[in-house]
Each structure stands twice: as structure tokens, then as C-alpha cells.
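Residue numbers (the working numbering): 360 to 881.
Just so it is clear, CB atoms sit at the ideal spot from N, CA and C, and this is done for glycine as well.
Heads up: the structure comes next, in C-alpha cells.
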Amino acid sequence: MVKRLTLLISFFGFLGLLAGCGGGGGGGSSQVTLTAIADWTNFGQPISGSSMQWSLYSLDEALVRSIAINRDLPGEQSAPMANLPKGAYHLKVELFSQTNLGGSIVGVLDEQIQLNGNSIYRAVIGTDPASVKVTPPSATFKAGQGKQFYAACYNAAQKPTFAVPDSFSWQTFGSVATVNETGFVQGTSAGNGTVVATDSGSSLQGGATITVQNTNVTTSKWTVLIFLNAANDLNEFGDLNFDQMEEVAGNPQVRFVVQWKQFQSSLSPNPSFVGTRRYLAKLDTANGINSELIQNMGTNVDMGRKETLLDFINWGKTFYPAQRYCLVIWNHGNGWRRGPDSNRPTRGVSYDDQTGSSIETWELAQALGSNNIDIIAWDASLMQMAEVAHEIQDQAELIVGSEESPPGAGYPYDLVFAPFRDNPDATTLTLAKSFVDNTLIGYQGTGEFITQSVIDPTQLANLATKVSALAQELINNQASPGFAAMIQQVRNEAARYPRKFLPTNPGDFRKYRDLWDVCDRI
Numbered sequence: 360m361v362k363r364l365t366l367l368i369s370f371f372g373f374l375g376l377l378a379g380c381g382g383g384g385g386g387g388s389s390q391v392t393l394t395a396i397a398d399w400t401n402f403g404q405p406i407s408g409s410s411m412q413w414s415l416y417s418l419d420e421a422l423v424r425s426i427a428i429n430r431d432l433p434g435e436q437s438a439p440m441a442n443l444p445k446g447a448y449h450l451k452v453e454l455f456s457q458t459n460l461g462g463s464i465v466g467v468l469d470e471q472i473q474l475n476g477n478s479i480y481r482a483v484i485g486t487d488p489a490s491v492k493v494t495p496p497s498a499t500f501k502a503g504q505g506k507q508f509y510a511a512c513y514n515a516a517q518k519p520t521f522a523v524p525d526s527f528s529w530q531t532f533g534s535v536a537t538v539n540e541t542g543f544v545q546g547t548s549a550g551n552g553t554v555v556a557t558d559s560g561s562s563l564q565g566g567a568t569i570t571v572q573n574t575n576v577t578t579s580k581w582t583v584l585i586f587l588n589a590a591n592d593l594n595e596f597g598d599l600n601f602d603q604m605e606e607v608a609g610n611p612q613v614r615f616v617v618q619w620k621q622f623q624s625s626l627s628p629n630p631s632f633v634g635t636r637r638y639l640a641k642l643d644t645a646n647g648i649n650s651e652l653i654q655n656m657g658t659n660v661d662m663g664r665k666e667t668l669l670d671f672i673n674w675g676k677t678f679y680p681a682q683r684y685c686l687v688i689w690n691h692g693n694g695w696r697r698g699p700d701s702n703r704p705t706r707g708v709s710y711d712d713q714t715g716s717s718i719e720t721w722e723l724a725q726a727l728g729s730n731n732i733d734i735i736a737w738d739a740s741l742m743q744m745a746e747v748a749h750e751i752q753d754q755a756e757l758i759v760g761s762e763e764s765p766p767g768a769g770y771p772y773d774l775v776f777a778p779f780r781d782n783p784d785a786t787t788l789t790l791a792k793s794f795v796d797n798t799l800i801g802y803q804g805t806g807e808f809i810t811q812s813v814i815d816p817t818q819l820a821n822l823a824t825k826v827s828a829l830a831q832e833l834i835n836n837q838a839s840p841g842f843a844a845m846i847q848q849v850r851n852e853a854a855r856y857p858r859k860f861l862p863t864n865p866g867d868f869r870k871y872r873d874l875w876d877v878c879d880r881i
């Protein structure tokens, strides 16, 4: 599938509303106005710019309203955000070096605000920070859950002033939680602590208090960990697959724990949510997300990093322990070698189009860490290769996936996991074969090219020995008459993948050959 949509409407004084979904209608006391004031008085002093983007989000990170203000006059300029429901919001103000949101982002204000009545927020450029404010000032959540915190600089007049992008580092104290580089705090054990943000430019610090409550941790027979990276052109299939998981989530001995990312783009203009979330799937046969939201991790999670996958696995095993684990990696895949050009991205899976990153195939062992997974399943193209399996052979009991590039809808999760639900005590091999059998059943009669198999990693060392012996035999005979022509014929005629793209793209360079078929033809 082919793999951002920027809107800008300019007029004198300020830019009009770009998007809105909060409020409207009858006004009254339940609706409030936030007046955005851009204070350009100190233009020319660090940190300065010529336009501002004001984005107001719900605490679920859904965009509620967005406006922009150009520096058309010295002093202050304002723009209203009217008809907003009362409540808490995430406000992000970005300062651009040029007018009309051009150039680069040179400053950021980021905080949680409470709108209980008509309010004014003044963003001041060109003043020195005197303090750091962390919001919300306090939060309570359970171990295994979390909260997004924000940090903003304030000047001596106690007005918000810009900090350079990515200037804050985060720490937690009290041994009750961890925090990542974006300010997302995750509870690890019950107790009280603090989260502290430090501005690298001024060394100023601000903090907030956190209270972590106990959570009830139980052990099931299976925990299925789904790393669902839909931050790309496969986004439309994420909701479908999650609905399928909900249909088979009725056995408490088989838990579906999902880390799911979506973002808004031209390829996905109306996702069901924006950002990264962690869910515990609950039994439900209706369309839509009706499961328990465990964590809203915000919009800054990079699902194309090995560290993100490892964090998810460790978190899932800590708070949803099981006798056996299945890990499904959901996204695009490119197998071992994407192309002949060394400058092109190679050996990847889990492509995050928001960040432009992916997990390199050679990073997979690091992404799994010291964890041993009973079944690792690739809901991604071209990943069922001996070379890929070799990377994780010490961390998986069985590996399931496709040589082919499967349909966008991927696994029929309701069919594949029905045997897990119905007989969680079945052998790991029996349940792994459900991926093969029920994927074939799910696509029967559709005309799709479907391949599925189960790899036993304990046999990979023997396979490598045999392949090396074959290679040596071929080397020893390369001078034989007709040998080169025979090898070329084998390459031309052997089963290759992705087969589904060859009729329309015969020059596709990902012509992986099926090793069994190659050996059979030799």
C-alpha cells in the first residue's frame, strides 16, 4: 500500500479556526471561551518568532480546536476559541520562526489547563524563564497505569514563556513510578512520589506529586500481547482486528493486552483515536472499541523503536503474568533485505509513519530482551524467513508468519484465537497451528495469496549447517558445464515472494525465494 496533511488559512491579525469539535449550539453556562493572546512585545529577543500555532486537545489527545496567530502588529494580538465545553484540556502552543507557520519551530509551551469559565492564556516571547510549571500538579493512578504530564516555562511576571523544543528532561522520585522522555509517568508500585521536569536551557525545575495505588495482579494461562502499530496506511484495519479480538476475549484465562497507535494523516483522516493506548480486551460483539482503557500514553510514543516494544513486553508480563505468552507484531514487514541499495531502509518491521522510524530486523533480539515468548507471530509481510527467525531463535519457542505479503486485514483474530479461548490447555504447537489453519479458512475463496507456517527455532542450527553444506557443494561445482545456466534457471523458476505484486510490479526487488523449492529444483 502507498504510504501529512497541513492546512493553513491566513488573514489579517490571526488565522481562522482550522478544526473544531468541542461545543457549538446553545451557548449558556456550559460553554466557555478561551482567548489566546500572543504577546510579541519583546520580539527580537531570544526566544522569538513570527507566528504561533495554538492547539487545544482533550485529555485523550483528540484535537478540539486549532488556531494560528501571525505577528502582523507589535504588541499583543488575540484570537478566541469560543463555545468550548468546560473541563480539562491539553494546550500546546508552538512558535514558528516565520509567518504563516513557516520555517522551523523555535519555541514550545505545553501544559494542562482547566476551563471553568471564560479564560485568557497569554503566550509571551522573548523573556527569560524564572520557573517551571508541571501540570497536572498531582495525579493518582494504579500500578500498571499511568498519566501524561506536561512542563512549561514561566517568566518573572508569572506568564507563560517559550522554551526551545525538547528542552525538558524528566525524573521520578520515590521509587513508585517511571517516566519516559516525553513526561508519561507509569506506576510501578504503591506509594507516593514526585515527577520533576528540568529545563536544559535554564536548569530550572518544576514538579508534581503522584500517588500510585495497588492493583490486583493475577496469573492467567495465556497472555496475548498485541503490538498494534497502525500509524501508517494500515490504520483502517486496526479497528477491525481489535473488534475480532473482543469477540474471543470471553475466557479470563486468555487475556488480550494491546498497545495500539494511530495518528491523523491524509491516509487516515478520521482515526477512532489519536495517539498510543494500552487496552485490556473485553468480550464484546458490537462494532467499536468497548474494552478497558488501561493507559493513554499520549501522542509522542514511537512504535518504530526497539525500546518501545521491549517496554510493552515487560509491562505486559509484569501486570498480566501468564503461564504462556503469545506476542503478535502487527504492521508492515520487509523481511531480511528490502533492496539492493545500501542507502535504502532495510530489514525492517513496525513502521511508524509519524516518526519515520522502524525496528530493524537485526534489532529484534534487543527488542525482546531477556524475555522468552512461547509463540511469536508476525502479522506483517515477508517476515517468515529463516534469516529473521535466526535473530530471535533463543527467545521464541515457536514462530508463526507469512512468506507472502498478506492482505491488509491480516489475521482473522476471531478465528485464530477461538482455539485459545476454547482450550487454553492445548499444546503450544496445537495453538500455533491455529494461525495457519484458521488464516487459510478465513481467506478461503477470496483469491488472496495466503501463506502461513510454524517454525521450530530449535531446528535452525541444523538448517544453517545443511545450507552451508549445500553452498559449499555449489561452490565446488561452479565450474561444471551448464552450471551457471542451471542456477539461473532455478532462480527464475523457484517460488518467490511477494508473489502478489509480481504481475503488476515485475521489477519488485523483494524477490525472496522459497528455500525448499530452490533445493527441490536443484
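{"Asked": "Per DSSP, which residues does W721 bridge with? Please list them.", "Found": "Answer is none; W721 lacks a bridge partner."}
{"Asked": "Enumerated in chain order, which unbroken segments of the beta strand (DSSP E) with a length of 3 residues or greater are wholly contained in the stretch 573-652?", "Found": "579-588, 613-621 and 634-639"}
{"Asked": "Using the rule of at least 16 other Cβ atoms within 10 Å of the residue's Cβ for burial, across every protein chain shown, is R636 buried or exposed?", "Found": "buried"}
{"Asked": "At which residues does the alpha helix (DSSP H) containing F779 begin and terminate?", "Found": "A777 to D781"}
{"Asked": "Taking just the CA atoms, how far does P778 sit from C380?", "Found": "Here the model assigns C380 a pLDDT of 34, short of 50, so the residue's position is not dependable, and the following value carries that caveat. Going by the C-alpha atoms only, they are around 43 Å apart."}
{"Asked": "Would you check if the stretch 723-737 and the stretch 682-698 touch, i.e. whether three or more CB-CB distances between them fall below 8 Å?", "Found": "yes"}
{"Asked": "Determine the extent of the beta strand (DSSP E) in which D711 is found, giving its start and end residues.", "Found": "G707 to D711"}
{"Asked": "Just checking: is the beta-carbon of P495 within a distance shorter than 7 Å of some beta-carbon in chain C?", "Found": "Annotation note: the requested chain C is absent from the structure, which comprises a single protein chain."}
{"Asked": "Can you give the Cα-Cα distance for G634 and G769, rounded to whole angstroms?", "Found": "22 Å"}
{"Asked": "Flag this pair as yes or no: are the beta carbons of V607 and F794 separated by less than 7 Å?", "Found": "no"}
{"Asked": "Assess, as a yes-or-no matter, whether the stretch 639-652 is touched by the stretch 806-826 under the definition of 3 or more beta carbon pairs within less than 8 Å.", "Found": "no"}
{"Asked": "Under a Cβ-count criterion, where at least 16 other Cβ atoms within 10 Å of its own Cβ denotes burial, should T520 be classed as buried or exposed?", "Found": "buried"}
{"Asked": "Which residues share a DSSP beta bridge with T810?", "Found": "The partner list for T810 (beta bridge, DSSP) is empty, contrary to what the question assumes."}
{"Asked": "Look at Y494 and Y480 and say whether their C-beta atoms are less than 7 Å apart.", "Found": "The sequence shown places Thr at residue 494, not Tyr. Result no, Cβ atoms of T494 and Y480 do not sit closer than 7 Å."}
{"Asked": "Measuring only the C-alpha atoms, how far is S417 from I464?", "Found": "23 Å"}
{"Asked": "Under 8 Å, with one C-beta from each stretch per pair, do the stretch 393-401 and the stretch 412-430 reach the 3-pair mark?", "Found": "yes"}
{"Asked": "Excluding the five sequence neighbours on either side, which residues of its own chain have a C-beta within less than 6 Å of the C-beta of W619, listed in chain order?", "Found": "L587 and R636"}
{"Asked": "For D753 and V687, which I take to be in contact (beta-carbon distance under 8 Å), what is that distance rounded to the nearest angstrom?", "Found": "Actually they are not in contact, since the Cβ atoms of D753 and V687 sit about 20 Å apart, beyond 8 Å."}
{"Asked": "Contact between the stretch 844-858 and the stretch 781-791: three or more CB pairs below 8 Å?", "Found": "no"}
{"Asked": "When the Cα atoms are used, what is the spatial distance from T541 to V555?", "Found": "12 Å"}
{"Asked": "Cα-Cα, which of Q847, P857 and Y871 is closest to R880?", "Found": "Q847"}
{"Asked": "Under three-state DSSP, which class holds K825?", "Found": "helix"}
{"Asked": "Taking P515 as the reference, which of Y710, G505 and K492 has the closest Cα?", "Found": "The amino acid at residue 515 is misidentified as Pro; the sequence shows Ala. When each option's Cα is compared against that of A515, the closest is K492."}
{"Asked": "Could you check what DSSP says for T667 in three-state terms: helix, strand or coil?", "Found": "helix"}
{"Asked": "Identify the continuous beta strand (DSSP E) that holds G897 and give its terminal residues.", "Found": "It is not possible to answer for residue 897, since the shown part of the chain is limited to 360 through 881."}
{"Asked": "Is the beta carbon of N551 sitting closer than 7 Å to the one on T570?", "Found": "yes"}
{"Asked": "Would you grab the beta carbon distance between V613 and W581 for me? Rounded to a whole angstrom, and I think it's under 8 Å.", "Found": "5 Å"}
{"Asked": "Alpha helix (DSSP H) containing H691: first to last residue?", "Found": "Note, H691: premise wrong, no alpha helix (DSSP H); not H, not E."}
{"Asked": "Provide the residue span of the beta strand (DSSP E) that contains K506, from first to last.", "Found": "G505 to Q507"}
{"Asked": "So, with DSSP's three-state summary, where would you put M845?", "Found": "helix"}
{"Asked": "Mind checking which residues open and close the alpha helix (DSSP H) that includes T531?", "Found": "Unbroken run through T531 is the beta strand (DSSP E), F527 to F532; no alpha helix (DSSP H)."}
{"Asked": "For V878, count the other beta carbons within 10 Å of its own beta carbon; 16 or more makes it buried, fewer makes it exposed. Which is it?", "Found": "Before going on, a small fix: residue 878 reads as Cys here, not Val. Counting Cβ neighbours within 10 Å, C878 comes out exposed, since fewer than 16 surround it."}
{"Asked": "Got a sec? Which residues, its chain only, sit under 8 Å from K501 by beta carbon, not counting five neighbours each side?", "Found": "G546, V571, Q572, N573 and T574"}
{"Asked": "With 16 as the cutoff for other CB atoms within 10 Å, does Q504 come out buried or exposed?", "Found": "buried"}
{"Asked": "Exposed or buried, what is L652 when buried is set at 16 or more other beta-carbons lying within 10 Å of its beta-carbon?", "Found": "exposed"}
{"Asked": "G675: buried (16+ other C-beta within 10 angstroms of its C-beta) or exposed?", "Found": "buried"}
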